[in-house]
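Note sheet for the following structure.
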Amino acid sequence: MSMELYYWPGLPGRGEYVRLVLVAIDAPWRDMARLTERQGGGMDGLLRVLGDEREPFAPFACPVLKDGDLLIAQTPLICAYLGETYGLAPADEAARLFARQIALTTADLVNEAHDVHHPLGSWDYYEDQKPEAARRAAGFRDQRIPKFLGWYEQVLTRNPAASGWLVGAGLSYADLGLFQTVLGLRYAFPHHMAGLAGRWPGVEALVDRVAALPRIAAYLGSDRRIEFNQDGIFRHYPELDAPAVSG
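End of the sequence shown = 1631 in this note's numbering, gap-free, step of one.
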């Protein structure tokens, strides 16, 4: 039976983190937003899952994954479930917990990236909060990006397996999350990220390595991949981008 992913049509967003894991584990799955309403997909299918009053384990928001009788929400939890169930997570319990920690940290970074262009709230348009966004962007670029990416670099360096992956000897869902996030930062802040090239070589090597994985490379080159756009979490506004400060 195919797993079903429910996420907003046309948006990479948090759903893309789940898609990458589904692709990597080579599991049968359906992107329900791309199906017709007759097939149980589209907006009607999504809203049906979110609004099912009979569901005891009701999801708060998308993404939502349905695997048989299981209904799971929250991006880090979905990715951890898939990784641990389908062989994309470490076997050691301590390492599994650390992979979850990494995924949750990545979710924090993603939230901060979103709040750059909507610092006052997602209920208002970007145009209504541009002064606040400019101030938020400066702090995010100069302080938060280095703090997060520096931590990932440290994790890679300290991995006892010396594998080039974040945890353990092989690829995990945590690596895929970092991969998607770095690509998102490069989309949102192209000039700034270009100026940071070479500062975190382990992170850059991981991103290149993930992109070259056969299943991931095929997916990235297909129409199944939803490209970054101005309706997603990572948005490019030239006025929020700036060259990196050296040093």
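Beta carbons: idealized from backbone N, C-alpha and C, even for Gly.
Taking the beta carbon of Tyr1703 as the centre, do at least 16 other beta carbons fall within 10 Å, making it buried, or is it exposed?
Since the first and last residues shown for the chain are 1385 and 1631, residue 1703 lies out of range.
Helix, strand or coil: how does DSSP classify Trp1413 here?
Along the sequence shown, one-based indexing puts residue 1413 at 29. Reduced to three states, the DSSP call for Trp1413 is strand.
Give me the DSSP bridge partner(s) of Tyr1390.
The sequence position of residue 1390 within the sequence shown is 6, counting from 1. Note: Tyr1390 sits in a beta bridge opposite Val1448.
Which residues bound the beta strand (DSSP E) around Leu1455?
Indexing the sequence shown from 1 puts residue 1455 at position 71. 1454–1457 is the extent of the beta strand (DSSP E) around Leu1455.
Would you grab the beta carbon distance between Ala1518 and Leu1569 for me? Rounded to a whole angstrom, and I think it's under 8 Å.
Locating residue 1518 in the sequence shown gives position 134, where the first residue counts as 1. Locating residue 1569 in the sequence shown gives position 185, where the first residue counts as 1. The Cβ separation is near 18 Å, so there is no contact.
Does Ser1556 pass the burial test, meaning 16 or more other C-beta atoms within 10 Å, or should it be called exposed?
Translated into the one-based positions of the sequence shown, residue 1556 becomes position 172. It counts as buried.
I think Met1416 touches Gly1429, with their Cβ atoms under 8 Å apart; what is that distance to the nearest whole Å?
Taking the sequence shown and counting its residues from 1, one reaches residue 1416 at position 32. Taking the sequence shown and counting its residues from 1, one reaches residue 1429 at position 45. Contact holds; Cβ gap of about 5 Å.
If distances are taken between C-alpha atoms only, which option among Leu1472, Gln1423, Ala1628, Phe1482 comes closest to Pro1354?
Beyond the ends of the chain as shown, which are 1385 and 1631, falls residue 1354; an answer cannot be given.
Cα separation between Met1385 and Ala1457?
Residue numbering aside, residue 1385 sits at position 1 when the sequence shown is read from its first letter. Residue numbering aside, residue 1457 sits at position 73 when the sequence shown is read from its first letter. Taking the straight line joining both Cα atoms gives about 19 Å.
Spatial neighbours of Arg1525 within its chain, please: CB distance less than 7 Å, with the 5 preceding and 5 following residues excluded, ordered by chain position.
As a first step, residue 1525 must be located in the sequence shown, where it is residue number 141. Cβ within range, chain order: Phe1573, His1576, Ala1626.
Hey, Gly1425 and Leu1419: beta-carbon distance below 8 Å or not?
Against the sequence shown, residue 1425 aligns to sequence position 41. Against the sequence shown, residue 1419 aligns to sequence position 35. Yes, the pair counts as a contact, with Cβ atoms nearer than the cut-off.
Can you say whether Phe1444 is buried or exposed, counting buried as having 16 or more other CB atoms within 10 angstroms of its CB?
Along the sequence shown, one-based indexing puts residue 1444 at 60. Exposed.
Have a look at Gly1523 and Gly1582 and give me their C-alpha separation to the nearest angstrom.
Against the sequence shown, residue 1523 aligns to sequence position 139. Against the sequence shown, residue 1582 aligns to sequence position 198. Whole-angstrom Cα-Cα distance: 21 Å.
Nearest to Tyr1571 by alpha carbon, out of Gln1423, Asp1559, Glu1516, Asp1615?
Working through the sequence shown from its first residue, we reach residue 1571 at position 187. Nearest C-alpha to Tyr1571: Asp1615.
Give me the Cβ distance between Ile1610 and Val1407, rounded to the nearest whole Å; I'm assuming they're in contact under 8 Å.
For this step, residue 1610 is matched to residue 226 along the sequence shown. For this step, residue 1407 is matched to residue 23 along the sequence shown. With a Cβ gap of about 13 Å, Ile1610 and Val1407 do not count as contacting.
Alpha carbon to alpha carbon, what distance is there between Val1594 and Gln1564?
As a first step, residue 1564 must be located in the sequence shown, where it is residue number 180. As a first step, residue 1594 must be located in the sequence shown, where it is residue number 210. Rounded to the nearest angstrom, the two C-alpha atoms are 10 Å apart.
Run through DSSP, which three-state label would Thr1489 get?
As a position in the sequence shown, residue 1489 is number 105, starting the count at 1. Of the three classes helix, strand and coil, the one that applies to Thr1489 here is helix, per DSSP.
With distances taken Cα to Cα, identify the nearest neighbour of Asp1607 among Tyr1470, Leu1597, Gly1394, Val1402.
As a working note, residue 1607 is residue 223 in the sequence shown. Here the closest residue by C-alpha is Gly1394.
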